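Numbering (our numbering), first residue to last: 7 to 76.
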């Protein structure tokens with residue numbers, strides 16, 4: 007491979023890298039999950055949802071226990 011072809015390839019790679027870098031830098035930041043932590047703290051509806059979800063899970067577990075003993 008000649009020096010000229012290596013230089014051409016290096017220049018092409020540098021150009022592609024610069025374009026990718028611009029794309030990444032121009033992209034809006036993703037929402038950070040930490041912004042939503044605690045947003046439902048002390049919400050009675052969410053607490054009820056958690057209780058109901060727990061109750062359904064426990065019923066499913068019990069049904070599996072009873073079914074496996076049959």
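C-beta: ideal position from N, C-alpha, C; glycine also. Please read all numbers here as calculations on a predicted model, not as lab measurements.
Query raised in the report: Alpha carbon to alpha carbon, how far is residue 31 from residue 25?
Result: 10 Å
Query - For residue 59, three-class secondary structure by DSSP - result: helix
Query raised in the report: Which residues bound the alpha helix (DSSP H) around residue 43?
Result: Element bounds for residue 43: n/a, residue is neither H nor E.
Query raised in the report: In whole angstroms, what is the alpha-carbon distance linking residue 35 and residue 15?
Result: 32 Å
Query raised in the report: Mapping DSSP to helix, strand and coil, what is residue 10?
Result: helix
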